[in-house]
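Enquirer: Handing you this structure, nothing more for now.
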Amino acid sequence: MRITPNRRAVLAGAGAFGVLAGRSAAAKTYGPGVTDSEIKLGTTSPYSGPASAYGVYGHAQLAYFQMINEQGGINGRKINLISLDNGYNPPKALEQTRKLVEEDNVLAIAGFLGTAPNTSVQKYLNGKKVPNLFLTSGADRFNDPKNFPWVVPLYPTYVGQGEIYGKFILTKHPDAKIGVLYINDDLGKDFLLGLKKGLGEHARTMIVREVSNELTDPSVDSQIIDLKGAGADSLVQFTTSKFAAQGIRKAYDLDWRPRVHILASVASAIGATLIPAGLERSKGVITARWEKHPTDPTTIGDADVVEYRAFAQKYMPNLNIEDNTAVPGYINSVMISRVLRACGDEPTRANILKEATNLKDAVAPMLLPGITLSNSPDDYLAFHAMQLAQFDGAKFVPLGDVIRLDATRKA
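Here you go:
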């Protein structure tokens, strides 16, 4: 075909445009689920089932990204977060996560809450090289960058927390007779392992009885009766909110007033555990914390708490502000947003992983003073400190200074 001079000019112009377009495209590198105007993320949450009280975590994620979108999105892109119900059921969590990855084509999983559900998707997401970003579980199995580099936890380790509890009891009550209730999964077993590490050689004599419960159990009344009957004068509960509340009530009804009563951090929310158990019954319980409580009078005037309460009032109007379960969902979303911003015009899975595993003293809202987040490609553990606190009937009161977890891990 003969090419006329005018046609040559048109083709030359088109060629030049193609080069410029190519250069423009080269400046942006997108992963799955990303366009010039949108980033598609996925997650699951227990909106139904035996752990539905934790569904508020998922609602907090949705609410936060709604706020972000109303503010213009991230790097000019709106966040489309698809959040599906997992019923706190591991097979369902895997099924829903497969849908998000293979049908909805999400860029990444906005890390969800729960040890068992996250365990069910660990191998799948790692095999697909899809980031599970800042999941909320302290199980040690998730801090394994060598074998599972695409699974990035944020929550403090359960073993580390358990060890702090053990050392506290050993120091303050060396003659305590401890009864332990733990949920029969990685969460409960990791906490129990840490407790024994903290007690050291004394664990064999100080722990007089260990009993477990299943997530599907209707109650733990019989376990509490068993622990009291075994002669325990101290009670440690490494289980979820529902069962922790039952344990507090049952011990009180049995006229058992443990000299030391410890709750796992995951079951220490005032709204989700202590109010259902009864504030008077809950007086004296001890837990570990790293987050501010939105109604604590000592921090209620802090700028980040004021901002959180305003966020909750506008975007989660049905939230019981006493329910601290929304706070880790909020922090999770803040940190994911920071990672996405840092990715700029390269929102790819590989770049997300890079930015998420190179945190350097990151300051997140709603964390206690002095607690920052740092990790590395070789060690994903981001929290390095926490504080013991005791409930006085209205609020948690600090027991001493912030405790460094690094020293605990090396001990």
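For the sequence shown, my numbering assigns the number 424 to the initial residue and increments by one for each residue that follows.
All residues carry an ideal CB built from backbone N, CA and C; glycine is no exception.
Restricting to Cα atoms, I'd like to know which of Ser560, Ala655 and Leu686 is closest to Trp679.
Expert: Position 256 of the sequence shown holds residue 679. Trp679 has its Cα closest to that of Ala655, out of Ser560, Ala655 and Leu686.
Enquirer: For Ser645, count neighbouring C-beta atoms within 10 Å of its own C-beta (all shown protein chains included) and say buried if the count is 16 or more, exposed if not.
Expert: As a position in the sequence shown, residue 645 is number 222, starting the count at 1. Looking at its Cβ environment, which holds fewer than 16 other Cβ atoms inside 10 Å, Ser645 is exposed.
Enquirer: For Val762, which three-state DSSP category applies?
Expert: The sequence position of residue 762 within the sequence shown is 339, counting from 1. Here Val762 sits in helix by DSSP.
Enquirer: Nearest by alpha-carbon distance to Lys546: which of Asp567, Ile685 and Ser560 is it?
Expert: As a working note, residue 546 is residue 123 in the sequence shown. Comparing Cα-Cα distances from Lys546 to each of Asp567, Ile685 and Ser560, the minimum goes to Asp567.
Enquirer: Report the residue from Ala486, Tyr480 and Ile505 whose alpha carbon sits nearest the alpha carbon of Ala733.
Expert: Here residue 733 refers to the residue found at position 310 when the sequence shown is read from its first residue. If we check each option's Cα against that of Ala733, Ala486 comes out closest.
Enquirer: When you compare the CB positions of Ser657 and Ile592, do they come within less than 8 Å of one another, or not?
Expert: Position 234 of the sequence shown, counting from 1, holds the residue named residue 657. Position 169 of the sequence shown, counting from 1, holds the residue named residue 592. In contact: Ser657 and Ile592 (Cβ atoms closer than 8 Å).
Enquirer: Which residues bound the beta strand (DSSP E) around Asn555?
Expert: Within the sequence shown, the letter at position 132 stands for residue 555. Looking at the DSSP string, the run of the beta strand (DSSP E) that includes Asn555 is Asn555 to Leu558.
Enquirer: Rounded to whole angstroms, what is the Cα-Cα separation between Ile505 and Leu536?
Expert: Residue 505 sits at position 82 when you count from the first residue of the sequence shown. Residue 536 sits at position 113 when you count from the first residue of the sequence shown. Computed Cα separation, rounded: 15 Å.
Enquirer: Just the Cα atoms here: how many angstroms apart are Pro751 and Val631?
Expert: Residue 751 sits at position 328 when you count from the first residue of the sequence shown. Residue 631 sits at position 208 when you count from the first residue of the sequence shown. Cα to Cα, the separation comes out at about 34 Å.
Enquirer: For Val575 and Gly611, what's the separation of their Cα atoms in angstroms?
Expert: What you label residue 575 is simply residue 152 of the sequence shown in a count that begins at 1. What you label residue 611 is simply residue 188 of the sequence shown in a count that begins at 1. Answer to the nearest angstrom: the Cα atoms are 21 Å apart.
Enquirer: Decide if Ala690 is buried, meaning its Cβ has at least 16 other Cβ atoms within 10 Å, or exposed.
Expert: As a first step, residue 690 must be located in the sequence shown, where it is residue number 267. Buried is the call here.
Enquirer: Report, in whole angstroms, the separation of the C-beta atoms of Val392 and Gly465, which I expect to be a contact under 8 Å.
Expert: Since the first and last residues shown for the chain are 424 and 834, residue 392 lies out of range.
Enquirer: Report back the beta-carbon spacing between Leu577 and Gly534 to the nearest angstrom; my notes put them in contact at under 8 Å.
Expert: On the sequence shown, position 154 is the one that residue 577 refers to. On the sequence shown, position 111 is the one that residue 534 refers to. The pair is a contact, with the Cβ atoms about 7 Å apart (cut-off 8 Å).
Enquirer: Are the beta-carbon atoms belonging to Ser642 and Gln669 less than 8 Å from one another?
Expert: Along the sequence shown, read from residue 1 onward, the residue named residue 642 stands at position 219. Along the sequence shown, read from residue 1 onward, the residue named residue 669 stands at position 246. Contact: yes.
Enquirer: Would you say Ser797 reaches chain C, if we count a Cβ-Cβ gap shorter than 8 Å as a contact?
Expert: Although the question refers to chain C, the structure presented lacks it and comprises just one protein chain.
Enquirer: Please report the straight-line C-alpha distance between Trp573 and Lys552, rounded to a whole angstrom.
Expert: To locate residue 573, count along the sequence shown from 1; it is residue 150. To locate residue 552, count along the sequence shown from 1; it is residue 129. Computed Cα separation, rounded: 6 Å.
Enquirer: How close, in whole Å, do the beta carbons of Ala667 and Gln660 come, if the pair is a contact with beta carbons under 8 Å?
Expert: Residue numbering aside, residue 667 sits at position 244 when the sequence shown is read from its first letter. Residue numbering aside, residue 660 sits at position 237 when the sequence shown is read from its first letter. Their Cβ separation, rounded to whole angstroms, is 5 Å, which keeps Ala667 and Gln660 in contact under 8 Å.
Enquirer: Can you check whether the CB of Ile462 is closer than 8 Å to the CB of Arg500?
Expert: Here residue 500 refers to the residue found at position 77 when the sequence shown is read from its first residue. Here residue 462 refers to the residue found at position 39 when the sequence shown is read from its first residue. Yes, Cβ-Cβ distance for Arg500 and Ile462 is below 8 Å.
Enquirer: Going by other Cβ atoms of all chains shown within 10 Å of its Cβ, with 16 needed for buried, is Pro740 buried or exposed?
Expert: Numbered from its first residue, the sequence shown carries residue 740 at position 317. Under this definition Pro740 is an exposed residue.
Enquirer: With a CB to CB cut of under 8 Å and the five nearest residues on each side skipped, what residues in its chain are close to Met424?
Expert: Here residue 424 is taken as the residue at index 1 of the sequence shown, counted from 1. Note that Met424 scores a pLDDT of 40, beneath 50, so its modelled location is shaky and nothing firm can be said.
Enquirer: Going straight from the alpha carbon of Phe557 to that of Ala726, what length do you get?
Expert: Working through the sequence shown from its first residue, we reach residue 557 at position 134. Working through the sequence shown from its first residue, we reach residue 726 at position 303. Their Cα atoms are separated by approximately 24 Å.
Enquirer: Report the start-end ranges of each alpha helix (DSSP H) in the segment 498 to 553 that is 4 residues or longer and not cut off at the edges.
Expert: Within the segment 498 to 553, the complete alpha helix (DSSP H) runs of at least 4 residues are 513 to 521 and 538 to 551.
Enquirer: Going along the chain, which residues of its own chain have a beta-carbon closer than 7 Å to the beta-carbon of Asn512, five neighbours each way excluded?
Expert: Against the sequence shown, residue 512 aligns to sequence position 89. Around Asn512: Gly472.
Enquirer: Quick check: Asp613 and Tyr588, are their CB atoms within less than 8 Å of each other?
Expert: Here residue 613 is taken as the residue at index 190 of the sequence shown, counted from 1. Here residue 588 is taken as the residue at index 165 of the sequence shown, counted from 1. Contact flag unset, no.
Enquirer: Excluding the 5 residues flanking Phe565 on each side, which residues of the same chain have their C-beta closer than 6 Å to its C-beta?
Expert: The residue you call residue 565 lines up with position 142 of the sequence shown. The answer, listed in chain order, is Val574 and Pro576.
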